[in-house]
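First to last, the sequence lines map onto chains A and B. If you're matching positions, the first sequence starts at 4 in the numbering used here and goes up one per residue. If you're matching positions, the second sequence starts at 4 in the numbering used here and goes up one per residue.
Protein chains: 2
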Amino acid sequence: MKKTVTMAIAIAAISISIMSCNNTTSQSTEAIIIDNILTRTSVRKFTEQKLTDTQIETLLRAGMAAPTGINLQPWEFIVITDTTVQNKLVTSRVNTMYREAPCLIVVCGDTTAVFKPHDDPDAQPMERPNGNWTQDCSAATENILLAAHAMGLGAVWTAAWPYPERYNIIREVLGIPDKIMPLAVIPVGYPAQDPKPKDKWKPAKIHYNQW
Amino acid sequence: MKKTVTMAIAIAAISISIMSCNNTTSQSTEAIIIDNILTRTSVRKFTEQKLTDTQIETLLRAGMAAPTGINLQPWEFIVITDTTVQNKLVTSRVNTMYREAPCLIVVCGDTTAVFKPHDDPDAQPMERPNGNWTQDCSAATENILLAAHAMGLGAVWTAAWPYPERYNIIREVLGIPDKIMPLAVIPVGYPAQDPKPKDKWKPAKIHYNQW
């Protein structure tokens, strides 16, 4: 009898713990993800700690999971951990973090694509400008920033495109082919600062059914 | 003695449960967020269930949490739940989902901004084109898609910009001012299909330290 009671109490205790644990987990899956989106903010100072290959791969997997127009996946990623290369990219006071971050991810886009005409199945596919590349590569960049934040890393989006004085240097230093354009340079590493996320919620930016 | 044993077993059981629960939660916070990024995919068919105001607000809060160039937050969001308006936006076989989704979010960007010259504090601020608006609004769009997926909703990015045959109709139907450009229309609702996420992981897209 005593044994049965002991067992019953133990099982009840485990059940209660598991139930409350599951509740927390299932309720908070959405909250965890939304919170990660709302608390991500730009980190511009990093410790010297290197990223592991696994961390870099996770960031790139997140980038490549972004949606792309007609699934063209027009992106290319250049991972930079060589300080000699990093130093060559520092061209202004603003981007000294290119030198100080343990890793840079340059998100590039193929500005052209081979399109098959919809209306004529016999027509030859033709290389034409891809109007979606900036949007696709921006989505990939945002995914990388969100993944970094989730992993306890810090990162910041620095725009290369549409600024020739920036992207020309990046193209030259990295040997990027003509039809490929660097969109963004993301310094990423362990945060050496703890900036508060900005509150950017502005209901005045919302319109209903009409401007 | 027996009582003590009973208590000890119960406490041990609770402790083990809580420990494993905490471990799971802390280990999986990162995994939950990365998984949400990797499993998001385009949903183009929806049930008739409406979204609540709270759900729509969460989507918009996610959008407004995106990073923007020099923090200009150049976005505007038009939420459409009026079927008369939705019907007017359906102009091709491709976007019949504009009619069928319970909600459309049109992400727009201010293509201009008032910039203060860096080098001359006495100079008047001037309205000039904002080169970052497409990137900023793309990041907002991706945040909304990720939030929708986290909330058990489905959504899809349909490009308005840079296609005049699309954005001109949207501008006209919604009365959007000249300097504001619709970038994307996001149909969002409860999924009536369960499409598998595409595997887009391609190591050949990664370059190290040089193209």
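No residue lacks a Cβ here, since even glycine has one placed at the ideal position from N, Cα and C. Small disclaimer: the values here were computed from a predicted structure and weren't measured.
Inset, instruction - Return helix, strand or coil for I21/B, following the three-state DSSP convention. - result: Within the second sequence, the letter at position 18 stands for residue 21/B. Bear in mind that a pLDDT of 43 at I21/B, under 50, signals an unreliable position, so the number given afterwards is only what the model happens to contain. Three-state DSSP puts I21/B in a helix.
Inset, instruction - Only counting runs of 4 or more residues, tell me where the alpha helix (DSSP H) segments fall wholly within the segment 84–152 of chain A, in order along the chain. - result: 86–92 and 100–103
Inset, instruction - Starting from the beta carbon of N90/A, find every residue of chain B whose beta carbon is closer than 9 angstroms, and list them in chain order. - result: In the first sequence, the residue the question calls residue 90/A occupies position 87. Neighbours of N90/A on chain B: none; closest Cβ ~12 angstroms, over 9 angstroms.
Inset, instruction - Determine the burial state of Y295/B: buried for a count of at least 16 other Cβ atoms within 10 Å of its Cβ, exposed for fewer. - result: Because chain B in this structure spans residues 4 to 214, residue 295/B falls outside the shown range and cannot be described.
Legend entry - Test: M67/B CB closer than 8 angstroms to a CB of chain A: On the second sequence, residue 67/B is found 64 positions in, with the first residue counted as 1. Chain A, which has a Cβ nearer than 8 angstroms to the Cβ of M67/B, makes this yes.
Inset, instruction - Buried or exposed for P198/A, please, with buried defined as at least 16 other CB atoms from any protein chain shown within 10 angstroms of its CB. - result: Sequence index remark: in the first sequence, residue 198/A carries index 195 (1-based). The residue is exposed, with fewer than 16 neighbouring Cβ atoms inside 10 Å.
Legend entry - Where Q213/A meets chain B, residues with beta-carbon distance less than 8 angstroms: Locating residue 213/A in the first sequence gives position 210, where the first residue counts as 1. The contacting residues are I81, V88, L177 and G178.
Legend entry - Closer than 7 angstroms at the beta carbon, the chain A residues around Y166/B: Translated into positions along the second sequence, residue 166/B becomes position 163. Those are G134, listed as they occur along chain A.
Legend entry - the segment 55–70 of chain A contacting the segment 169–183 of chain A, beta-carbon criterion three pairs below 8 angstroms: no
Legend entry - Spatial neighbours of N90/B in its chain, beta-carbon cut-off 6 angstroms, leaving aside the 5 residues before and after: On the second sequence, residue 90/B is found 87 positions in, with the first residue counted as 1. So the qualifying residues of the chain are R102.
Legend entry - Delimiting residues of the alpha helix (DSSP H) encompassing A187/A: Along the first sequence, read from residue 1 onward, the residue named residue 187/A stands at position 184. That residue, A187/A, is in no alpha helix (DSSP H); its beta strand (DSSP E) goes I183 to G192.
Legend entry - Complete beta strand (DSSP E) runs within the segment 63–87 of chain B (minimum length 3 residues, chain order): Correct list: 78–83.
Inset, instruction - Give a yes or no on whether 8 angstroms exceeds the smallest Cβ distance from N70/B to chain A. - result: Along the second sequence, read from residue 1 onward, the residue named residue 70/B stands at position 67. Here the sequence assigns Pro to residue 70/B, which means Asn is not the residue at that position. By this cut-off, P70/B is an interface position.
Inset, instruction - Kindly give me the distance between the Cβ atoms of L75/A and N146/A, rounded to whole angstroms, as I take these residues to be in contact under 8 angstroms. - result: Residue numbering aside, residue 75/A sits at position 72 when the first sequence is read from its first letter. Residue numbering aside, residue 146/A sits at position 143 when the first sequence is read from its first letter. Contact flag wrong, Cβ pair sits at about 16 angstroms.
Legend entry - Residue of V188/B, A153/B and N39/B minimising C-alpha distance to A68/A: By one-based count along the first sequence, residue 68/A stands at place 65. Ranking the options by Cα distance to A68/A, first place goes to N39/B.
Inset, instruction - Please report how far the alpha carbon of K48/B lies from the alpha carbon of K48/A, in whole angstroms. - result: Translated into positions along the second sequence, residue 48/B becomes position 45. Translated into positions along the first sequence, residue 48/A becomes position 45. Looking at the two C-alpha atoms, the distance is approximately 44 angstroms.
Legend entry - DSSP-derived helix/strand/coil call for T57/A: Counting from 1 along the first sequence, the entry for residue 57/A is found at position 54. Here T57/A sits in helix by DSSP.
Legend entry - Other residues of its chain near C140/A: CB distance less than 6 angstroms, five sequence neighbours each side excluded: For the purposes of this step, residue 140/A is taken as residue 137 along the first sequence, with counting starting at 1. So the list reads W78, V110, G112 and L186, once near-sequence residues are dropped.
Inset, instruction - Give the secondary structure of T161/A by DSSP, where H, G and I count as helix, E and B as strand, and everything else as coil. - result: If you number the first sequence from 1, residue 161/A lands on position 158. T161/A falls in the strand class under three-state DSSP.
Inset, instruction - Check the Cβ-Cβ distances between E33/B and every residue of chain A, and say whether any is below 8 angstroms. - result: Counting from one through the second sequence, the residue named residue 33/B turns up at place 30. With its beta carbon less than 8 angstroms from one in chain A, E33/B belongs to the interface.
Inset, instruction - Identify the continuous beta strand (DSSP E) that holds Y170/B and give its terminal residues. - result: For this step, residue 170/B is matched to residue 167 along the second sequence. Not the beta strand (DSSP E): Y170/B falls in the alpha helix (DSSP H), residues P167 to L177.
Legend entry - Proximal chain B residues relative to K182/A, where beta-carbon distance stays under 8 angstroms: Counting from 1 along the first sequence, the entry for residue 182/A is found at position 179. Correct list: empty, because the minimum Cβ distance to chain B is about 12 angstroms.
Inset, instruction - Please confirm if N26/A has its CB atom under 8 angstroms from at least one CB of chain B. - result: For this step, residue 26/A is matched to residue 23 along the first sequence. With a pLDDT of 43 at N26/A, under the threshold of 50, the modelled position of this residue cannot be trusted, and the question is left open.
Inset, instruction - Compare the C-beta of A195/B against all C-beta atoms of chain A and say whether one is closer than 8 angstroms. - result: For the purposes of this step, residue 195/B is taken as the residue at position 192 of the second sequence. By this cut-off, A195/B is not an interface position.
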